[in-house]
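J.: Take a look at the following structure, please.
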Amino acid sequence: MKTNDTTVRIVEVGLRDGLQNEKKTLAITDRHLLARKLANAGCRELELGAFVSSQWVPQMAGSSELITAVLEERRLKSSPFKKVRISALVPNQRGLEAAFESRVERIAVFASASETFSKKNINCTIRESFVRYKDVIDEAKRNGLTVRGYLSMCFDCHFEGKVSEAKVVKYAAKLAELGCDEISIGDTIGVADPRQVARIGRALISELGKKNLAMHFHDTRGTALANILASLEIGLRSFDTSIGGLGGCPYAPAATGNVATEDVVYMLHRMGMKTGLDLNELVETARWLQPIIGHELPSKVSRAGLPIG
Numbered sequence: 005m006k007t008n009d010t011t012v013r014i015v016e017v018g019l020r021d022g023l024q025n026e027k028k029t030l031a032i033t034d035r036h037l038l039a040r041k042l043a044n045a046g047c048r049e050l051e052l053g054a055f056v057s058s059q060w061v062p063q064m065a066g067s068s069e070l071i072t073a074v075l076e077e078r079r080l081k082s083s084p085f086k087k088v089r090i091s092a093l094v095p096n097q098r099g100l101e102a103a104f105e106s107r108v109e110r111i112a113v114f115a116s117a118s119e120t121f122s123k124k125n126i127n128c129t130i131r132e133s134f135v136r137y138k139d140v141i142d143e144a145k146r147n148g149l150t151v152r153g154y155l156s157m158c159f160d161c162h163f164e165g166k167v168s169e170a171k172v173v174k175y176a177a178k179l180a181e182l183g184c185d186e187i188s189i190g191d192t193i194g195v196a197d198p199r200q201v202a203r204i205g206r207a208l209i210s211e212l213g214k215k216n217l218a219m220h221f222h223d224t225r226g227t228a229l230a231n232i233l234a235s236l237e238i239g240l241r242s243f244d245t246s247i248g249g250l251g252g253c254p255y256a257p258a259a260t261g262n263v264a265t266e267d268v269v270y271m272l273h274r275m276g277m278k279t280g281l282d283l284n285e286l287v288e289t290a291r292w293l294q295p296i297i298g299h300e301l302p303s304k305v306s307r308a309g310l311p312i313g
């Protein structure tokens, strides 16, 4: 690892990918306060919600109101959101229109490397999803928004088993071709191992370069930190994390929580890496959140606490 390459970018997805799998739907006021606490902890990229049907994902109801409230607060001189980029998931044209109304500055689209999961998650084939997203991405970029592309089920699929690495590279390249300025590669059900991550990561870097790639690991089987380390060793520096280890996918059985933000930051800081995040504030935020969520969060650092010295 190069000594001058020690800065790691963290994209906090707890307010969207984290909360969408919780049985309890948090009030907008609680979500706003969580966003403020995360911003105070140094988070500079917050995915605040999703413009999806509340019938199918009730946890994301009120995303527009939340984003509007946060952007209004940004106007205040003392606002912690001054340097925070706000994004939201947009599945279709209707969602994009809602994104425009909320004045969000970045959108994300969600594709899959698994045909079965694509049909279950967004009710269309992979090919159909790319056709749909072309118009969404084109219009978003015409209106000055940047676009993130999620590619899920990149390692194994609960429904189909092994996912072709060639397909992962192909579909990631397609998202880039459509205009996504960043591609997030997802281990949606938390099955990847470090060697697999390094192998697929190198193939993706060869095709797309390092700059616009992020990795999105779930800690379902306890390998997320090892997979992040494998990613670091091949030069990747952007990772999606979720406060407290919140998360999962309602359409992927056994897809438990994302890797916890504070667990990742603890490891990185111990290694001498820089994230710009305040670990103490993250731990306090996770502990504050737990009784609101109503169950113990899987984060190891928030449970164990920080060591002395």
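Note that our numbering has the sequence shown beginning at 5, numbered continuously upward.
The beta-carbon is built from N, C-alpha and C at its ideal position, and this holds for glycine as well.
#1: Buried or exposed: which applies to L80, given that a residue is buried once 16 or more other Cβ atoms fall within 10 Å of its Cβ?
#2: Shortest alpha-carbon distance to I130 belongs to which of D21, D267, I187, E119?
#3: Buried or exposed: G66, going by 16 or more other Cβ atoms within 10 Å of its Cβ?
#4: Relative to the C-alpha of P95, which residue among A117, V151, N44 is closest?
#5: In chain order, what residues of the same chain have a beta carbon less than 8 Å from the beta carbon of E211, not counting five sequence neighbours either side?
#6: For K123, which residues of its own chain have a beta-carbon under 7 Å away from its beta-carbon, when the five flanking residues on both sides are left out?
#7: How would you label V61, buried or exposed, when you count the other beta carbons within 10 angstroms and need 16 or more for buried?
#8: What are the partner residues of H218, as DSSP defines its beta bridges?
#9: If you reduce the DSSP assignment to three classes, tell me which class E300 lands in.
#10: If G205 sits next to I247, beta carbons under 8 Å apart, how far is it from one beta carbon to the other, in whole angstroms?
#11: Roughly how far, in whole angstroms, is the beta-carbon of C158 from the beta-carbon of A117, given that I think they are within contact range, below 8 Å?
#12: Tell me where the beta strand (DSSP E) around D142 begins and ends.
#13: Closest by CA to R225, which one among I141, D160, R274, I312?
#14: Skipping 5 residues on each side, what residues in its chain have a beta carbon closer than 6 Å to that of G298?
#15: Answer yes if the region 290-309 comes into contact with the region 47-57, meaning at least three C-beta pairs across the two stretches below 8 Å, and no otherwise.
#16: Quick one: grab the DSSP three-state call for R152.
#17: In this structure, what does DSSP give as the bridge partners for I14?
#18: Taking the beta strand (DSSP E) that R40 falls in, what are its first and last residues?
#19: DSSP state of N262, grouped into three classes?
#20: How is V113 classed by DSSP in three states: helix, strand or coil?
#21: On the CB-based measure, 16 or more other CB atoms within 10 Å of its CB, does V113 come out buried or exposed?
#22: What are the start and end residues of the beta strand (DSSP E) that includes E49?
#23: In whole angstroms, give me the CA-to-CA distance for I232 and I312.
#24: Three-state secondary structure (DSSP) at A207?
#25: Where do the ends of the beta strand (DSSP E) carrying R89 lie?
#26: Rank H273, A290, R203, Y137 by C-alpha distance to the C-alpha of K41 and give the top, closest one.
T.: Reading it off the structure:
#1: Here residue 80 refers to the residue found at position 76 when the sequence shown is read from its first residue. L80 should be labelled exposed.
#2: Here residue 130 refers to the residue found at position 126 of the sequence shown. I130 has its Cα closest to that of E119, out of D21, D267, I187, E119.
#3: Locating residue 66 in the sequence shown gives position 62, where the first residue counts as 1. It is buried - the Cβ of G66 has at least 16 other Cβ atoms within 10 Å.
#4: If you number the sequence shown from 1, residue 95 lands on position 91. It is V151.
#5: Translated into the one-based positions of the sequence shown, residue 211 becomes position 207. Only V173, A176, A177 meet the Cβ criterion.
#6: As a working mapping, residue 123 is identified with position 119 in the sequence shown. These residues qualify, in order along the chain: T129.
#7: By 1-based counting over the sequence shown, the position of residue 61 is 57. Per the 10 Å Cβ criterion, buried.
#8: Position 214 of the sequence shown, counted from the start, is the residue given in the question as residue 218. Rather than His, the amino acid found at residue 218 in this sequence is Ala. According to DSSP, which records beta bridges pairwise, A218 is partnered with S188.
#9: Counting from one through the sequence shown, the residue named residue 300 turns up at place 296. Coil, per DSSP.
#10: For the purposes of this step, residue 205 is taken as residue 201 along the sequence shown, with counting starting at 1. For the purposes of this step, residue 247 is taken as residue 243 along the sequence shown, with counting starting at 1. Actually they do not touch by this definition, with Cβ atoms about 25 Å apart.
#11: Taking the sequence shown and counting its residues from 1, one reaches residue 158 at position 154. Taking the sequence shown and counting its residues from 1, one reaches residue 117 at position 113. So it is a contact: roughly 5 Å between Cβ atoms.
#12: In the sequence shown, the residue the question calls residue 142 occupies position 138. Segment 130-146 is the alpha helix (DSSP H) holding D142; no beta strand (DSSP E) there.
#13: The count along the sequence shown starts at 1 and reaches residue 225 at position 221. If we check each option's Cα against that of R225, D160 comes out closest.
#14: In the sequence shown, the residue the question calls residue 298 occupies position 294. K28.
#15: no
#16: Residue numbering aside, residue 152 sits at position 148 when the sequence shown is read from its first letter. R152: strand per DSSP, three-state reduction.
#17: Position 10 of the sequence shown holds residue 14. According to DSSP, I14 bridges with F243.
#18: Position 36 of the sequence shown, counting from 1, holds the residue named residue 40. R40 -> not in any beta strand (DSSP E); alpha helix (DSSP H) instead, spanning 32-44.
#19: Here residue 262 corresponds to residue number 258 of the sequence shown, with the count starting at 1. Here N262 sits in strand by DSSP.
#20: Counting from one through the sequence shown, the residue named residue 113 turns up at place 109. Reduced to three states, the DSSP call for V113 is strand.
#21: Translated into positions along the sequence shown, residue 113 becomes position 109. Buried, since its Cβ has 16 or more Cβ neighbours within 10 Å.
#22: Walking along the sequence shown from the start, residue 49 turns up at place 45. It spans 49-54 - the beta strand (DSSP E) in which E49 sits, taken as one unbroken run.
#23: For the purposes of this step, residue 232 is identified with residue 228 of the sequence shown, where counting begins at 1. For the purposes of this step, residue 312 is identified with residue 308 of the sequence shown, where counting begins at 1. Each residue's alpha carbon lies about 25 Å from the other.
#24: Position 203 of the sequence shown, counted from the first residue, corresponds to residue 207. Residue state, collapsed to three classes: helix.
#25: Stepping through the sequence shown from its first residue, residue 89 is reached at position 85. Segment 89-93, the beta strand (DSSP E) holding R89.
#26: Numbered from 1 along the sequence shown, position 37 holds the residue referred to as residue 41. It is A290.
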